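Take the sequence shown: its position 5, counted from the start at 1, is 7 in this note's numbering, and no numbers get skipped.
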Amino acid sequence: MSNCFCITCRKISGAPYATFARFPRSSITWLNEPPKYFRSSNFAKRGFCGDCGSTLTYELDERPESVSISPGSFDDWSVKGELMKPTDHIFLGEKAVWFDVPNDGLKRYTGDDEEPAAGNAS
Numbered sequence: 003m004s005n006c007f008c009i010t011c012r013k014i015s016g017a018p019y020a021t022f023a024r025f026p027r028s029s030i031t032w033l034n035e036p037p038k039y040f041r042s043s044n045f046a047k048r049g050f051c052g053d054c055g056s057t058l059t060y061e062l063d064e065r066p067e068s069v070s071i072s073p074g075s076f077d078d079w080s081v082k083g084e085l086m087k088p089t090d091h092i093f094l095g096e097k098a099v100w101f102d103v104p105n106d107g108l109k110r111y112t113g114d115d116e117e118p119a120a121g122n123a124s
């Protein structure tokens, strides 16, 4: 599970970052209507609830086998007792200047999870 500080995630969440957890696409079951989508960039699309507009997914074109889901959209019972915690902070190179990332021991990346940031906690 990653806390993403990219500009697009900040804008869609209205917060300093958005949190997403990646799952195999084959493991996802939508209980109601599947998400509606919009292209947020030339490499990804985002899913949202067609009724209330809540952010649901982030889906990279280069990773069609997986889907990243906003854990804030889970019903508590759907997690089935599994404790999920963030593992890293990504796109810190696009972080809002007014937000200080806590020193929480999570891995830090300047861009996606392949570009380690200086002072990485790993």
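The beta-carbon is built from N, C-alpha and C at its ideal position, and this holds for glycine as well.
Since the model is a prediction, treat every value here as computed from it, not as a measurement.
Residues near residue i by beta carbon distance below 6 Å, same chain, minus five either side
{"i": "TYR39", "result": "LYS47, GLY49"}
{"i": "PRO18", "result": "ALA98, PHE101"}
{"i": "SER124", "result": "Residue confidence is low: SER124 scores 42 on pLDDT, short of 50, so the model does not pin down where it sits. No coordinate-derived value is stated."}
Rounded Cβ spacing between residue i and residue j (contact assumed at less than 8 Å)
{"i": "PRO88", "j": "MET3", "result": "5 Å"}
{"i": "PHE25", "j": "SER68", "result": "7 Å"}
Inter-residue spacing [alpha-carbon to alpha-carbon] between residue i and residue j
{"i": "THR10", "j": "ARG27", "result": "22 Å"}
{"i": "PRO37", "j": "LEU108", "result": "30 Å"}
{"i": "PHE22", "j": "ASN34", "result": "20 Å"}
{"i": "ASP53", "j": "PHE45", "result": "25 Å"}
{"i": "SER43", "j": "TYR60", "result": "11 Å"}
Residue i - partner residues in DSSP beta bridges
{"i": "CYS6", "result": "ALA20, ILE92"}
{"i": "GLY49", "result": "TYR39, THR59"}
{"i": "VAL69", "result": "PHE25"}
{"i": "LYS109", "result": "ASP90"}
Contacts around residue i, its chain only, beta-carbon distance under 8 Å, and the 5 residues preceding and following it disregarded
{"i": "SER5", "result": "Note that residue 5 corresponds to Asn in the displayed sequence, not to Ser. Taken in chain order, the residues that qualify are TYR19, ALA20, THR21, PRO88, ASP90, HIS91, ILE92, LEU108."}
{"i": "GLY113", "result": "ILE92, PHE93, GLY95"}
Neighbourhood of residue i by C-beta, 7 Å cutoff - its chain only, sequence neighbours within 5 removed
{"i": "LEU58", "result": "PRO37, GLY49, PHE50, CYS51, ILE71, SER72, SER75"}
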